[in-house]
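If you read the protein sequences in the order shown, they are chains A and B. Note that our numbering gives residue 45 to position 45 of the first sequence, counting from 1, and the numbers run on in steps of one. Note that our numbering gives residue 1019 to position 19 of the second sequence, counting from 1, and the numbers run on in steps of one. All C-beta atoms in this analysis are idealised placements derived from N, C-alpha and C, irrespective of residue type, glycine included. What follows is a short report on a single structure.
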Amino acid sequence: MISVGIDAGSATTKAVMVIGGQIVSYNIRSTTFDFLSASKTAYQNVLANARVDEDNVDLVYATGYGRNSITFADRTISEITAHAKGVYHLYSDVNGIIDIGGQDSKVISVNGGKVTDFLMNDKCAAGTGKFLEYTARALEVPIEELGSLALASKIPATITSMCTVFAESEAISLRARGFMKESIAAGLIESIARKVAVMARQVGLKQNVAFVGGVAKNVGIKAALEKELDISLYVPSEQQITGALGAALYGIS
Amino acid sequence: MKLQQFNSLNDLKNSYNTRLCQIVDERKAGKKLVGTFCLFVPDEIIFAAGADRIILCGGKDDTISIAEQYLPRNICPLVKSSFGSIVNKGCSGLKSCSHFGMVDMIVAENTCDSKKKMYELLRDYVPIYVIDLPQRPNSPEALKYFLGELYKLKDAMEQLTGDKVTVEQLKKEIESSNETRKLLHSLYNLRKMDPPPISGVAALKVMQKQYFLSTEEFKKFLRMLISEAKQVRANWTHKPRIMISGCPMSGGNTKVPEIIETKGGVIVAEESCTGTRSFWDPVDEGEDPMLALAERYIKIPCSCMSPNDRRIDNILELVREFEVEGVVYYTLQFCHGYNIEKYRIQQALKKAGIPMLAIETDYSDSDVEQIGLRVDAFLEMLS
C-alpha cells in the first residue's frame, strides 16, 4: 500500500510518502498564498523522489490549516489526530505532544497513538512561530540564530507582554536600556516557553513528551520548555513532517 | 437533517412578523409589553398582571459596535449586542430588530456584573425595573429575600398595568408555564433517541423563540413540532452525541452548533439558558403560588450563583439521560462566571469518563475555521 500525507500548514507545506509503514520520501516547502499549488508541488516532489507513478498511489490524505483546499486528496483529517498518529509511529511510548507551528500552538495528550485530550492557542500570536519571527526582526537576528543566541545568555531579561506587537516594543525598550541582545533573546524565548508550558500542564503532559513543528528546530525554545516542564523532550530529526506522516499512516489504517 | 422536513419549523421561521403584528395590536388595545433578559424573571407574574413579555437578549454581531460607544470592549457580546440593539437609532446604517424599541418597561435582574452595570446605563433609554437576586441559593435567608423581591415585582407590574395580580390568576399562569415545560420535556425526550429526529441547530432555533413568542403561540407550535417529530425516522446512522453546556445562545447566534453538526456530530441537549435550564424544573402547583415561584426560580443553576454544585450534578444527570458522548463547553468571551466554572466541570466530566472540548468565542465569524479544526479533532477523538 502506497499512501501520501499532505500537511498544508500556514507557513509550510509538508508531504510524506509511506510504503509498507516506512517513510520513503518527504518534502517541505513554503506555503505560498495558494495552498493547493504548494500541495501539488510537494506531492509531485515526493512522487519524483520515490520514483513512484501517481497512478500507483492508493491514498492521499490531507491535514493542516489548508486541508480543505487540497482537492486531490481522498480524505482530510485534523492535524491534531495526524500529529498523534505520526509521532506515535516515531515514539511508541509517547504520551504527549507539543506542536508549535507558524500560527498556532497545540498540546495533545496521547495514549497508544490516540488523542485523549488537546488544547490549542490560535487566537493570539504569543507562543507561535509568528512571535519568533517578529522578535527576531526586532533584535536584527536571523531567526535560525535566535535560539543559540538565547542559550548564550546567563541573565535572561524578563518579557511580560504576551502580545506579539507589544513584546516587540518591550524588546526595543530593553535594548534602549542597555540590555544585551542575548538576554533579550532569552527573555523572549522564555516567555513563549512559559505560555506553552501552561497549556501542557493544563492537559497534564508529564513524561514521554515529543516536541514537533517548525519551532521545535529552535534549540533555545526546546531548552526553555525542558526547564519549565522539568522533563527532556523527544525531538525528531525532521520536526515538521509528523502531521503529514500521520495523515499518510491514517490512510493505511 | 433538513429543517424543511418539518412544516412547523417553517412556521417558526415566519413567526417574527406575526409576533410583531400581535404586539402592535396588543399595545393599541392598551396592553403593556415587558422586556426581559433572563430566566430568573418569572414571567408568570408579568402575565398575571395582564402584560405580555418579550426577550431582549441580543445574539447578533451587528449592534456591538454601537454598544462599544458606551460600554467597555471587554465585556461579553451578549450584553453588548443587547444594549446596542436597544439604544440603536439606526445609526451607521445599522438596524436592530423592531421589537427592541417596543417595550414599555424592562424587568431586569442582578445576575452578572456586566448585565447589572449595563442596566444602569439603559435607564436613560427605557424605564427599567431590576429584581435583586441573592446569590447563595441554598440559604433559607436567600429564599425569603428572593420572595420579597418577587412581591415587589408583583407590585411594580400591578402599577404598570393597573391590574391586580390575584392568586387565581397566578395559579393559572403557573399551570400554563408548567404545560410549556412539559412540552419541552417531551421534545427533549425525542432527542434521547439514536439518531434523534431533530437536529441540534433546529432545536436551538426553537429554544430561541421560547421567550419571544406568546406562550400560547409557542405551545401551539411545540405541539405541532412534537407530533411531526414523532413520525420522523431520521435518515442517518449513529453520529457522536454532543451536549452543549455553558452560556446562552440568543436569537441570531447559532455559530457553534452549526459547526458541530456540519462536521458530523449531533447535538442532543443544551445545558444552557437556551436549553434545559429554562424548563427542567416545574413550579409546584400545590403550594402558595408566590412561594412556589421563588423556590423554583432561585434554583436555576446559573454561574452567578455560589456555590453552584447544582449545575455540576445537573450536567452529569443530563449526560446520563441523553447518552452524551462528548460535551462542548461553550462560553462567550469575558463571561467570567461560566469561564471559571469550566475547570470544575471539566474535572467532574473527566471523572465520569466524558471528554470535553472548551470553546470560548464571540459573535463574529473570525474564528469559524479555528473552531472547525477543534471540532474536527474532537469528533475524531470520539469515534
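Check the DSSP bridge columns for MET1356(B) and list the partner residues they point to.
VAL1327(B)
Classification of ILE1340(B) by the beta-carbon crowding that lies within 10 angstroms, buried from 16 upward:
exposed
Could you tell me which residues DSSP puts in a beta bridge with PHE211(A)?
ILE98(A)
Taking the beta strand (DSSP E) that GLN22(A) falls in, what are its first and last residues?
22 to 30
Based on the DSSP output, what are the partners of LYS106(A) in its beta bridges?
ASP99(A), MET120(A)
Near the ligand NAD: GLU144(A) beta-carbon under 6 Å from a heavy atom
The ligand NAD is not part of this structure, which contains no ligands at all.
Three-way DSSP call (helix, strand, coil) for VAL1232(B) in this model:
coil
Starting from LYS206(A), find everything on chain B with Cβ-Cβ shorter than 7 Å and list it in chain order.
Neighbours of LYS206(A) on chain B: none; closest Cβ ~16 Å, over 7 Å.
Pull the bridge partners of ILE1055(B) from the DSSP assignment, please.
THR1036(B)
Let's see if you can read the secondary structure: which residues bound the alpha helix (DSSP H) around THR81(A)?
79 to 90
Would you mind stating whether SER1364(B) and ASP1061(B) have Cβ atoms separated by less than 7 Å?
yes
With H, G and I counted as helix, E and B as strand and the rest as coil, what does DSSP make of TYR1125(B)?
coil
Compare the Cα-Cα distances from ASP1052(B) to each of HIS1099(B), ILE1075(B), ASP1011(B) and report the closest residue.
HIS1099(B)
Hey, out of GLY1337(B), GLY1326(B), LYS1205(B), ARG1123(B), whose CA is closest to LYS1350(B)'s CA?
GLY1326(B)
Examine chain B for any beta-carbon lying closer than 7 Å to the beta-carbon of SER161(A), and answer yes or no.
no
If we require 4 or more residues per run, which alpha helix (DSSP H) segments fall completely within the segment 1287 to 1319 of chain B?
1289 to 1298
Might you give, ordered along the chain, the residues of its own chain that have their beta carbon closer than 6 Å to the beta carbon of ALA150(A), omitting 5 neighbours on each side?
ALA185, ALA186, ILE189, GLY220
Mind checking who ARG1241(B) pairs with in its DSSP beta bridge?
VAL1266(B)
DSSP three-state label for ASN1010(B), please.
helix
Could you say which of ASN1189(B), ASN1253(B), SER1085(B), ILE1244(B) lies nearest to LEU1225(B) if we only look at CA atoms?
ASN1189(B)
Compute the Euclidean distance between the alpha carbons of SER92(A) and LYS85(A), then round it to the nearest angstrom.
10 Å
So what does TYR234(A) bridge to, in DSSP terms?
ALA210(A)
To be precise: take each residue of the segment 115 to 147 of chain A, compare its Cβ to all Cβ atoms of chain B, and keep it if any distance is under 9 Å. Which residues remain?
VAL115, THR116, ASP117, PHE118, LEU119, MET120, ASP122, LYS123
From the beta carbon of ILE80(A), is the nearest beta carbon of chain B less than 7 Å away?
yes
Nonlocal neighbours in the same chain, by C-beta distance under 7 Å from PRO1289(B), ignoring five residues either side
VAL1167, LEU1170, LYS1171, ILE1174
Under 7 Å, Cβ to Cβ, is there at least one residue of chain A near MET1224(B)?
no
Could you tell me which whole alpha helix (DSSP H) segments of length 4 or greater appear in the segment 1174 to 1231 of chain B?
1200 to 1207, 1215 to 1231
Residues that ILE2(A) bridges to, as DSSP identifies them:
ILE19(A)
Assuming the contact rule is C-beta atoms closer than 8 Å, VAL18(A) and LEU249(A) should be a hit. Round their C-beta distance to whole Å, please.
6 Å
Leaving aside the five residues before and after GLU144(A) along the sequence, list all residues of the same chain whose C-beta is less than 6 Å from its C-beta, in chain order.
none
Take every Cβ of the segment 198 to 211 of chain A, pair it with every Cβ of the segment 157 to 177 of chain A, and state whether three or more of those distances are shorter than 8 Å.
no
I need the DSSP call for LEU1332(B), collapsed to helix, strand or coil.
strand
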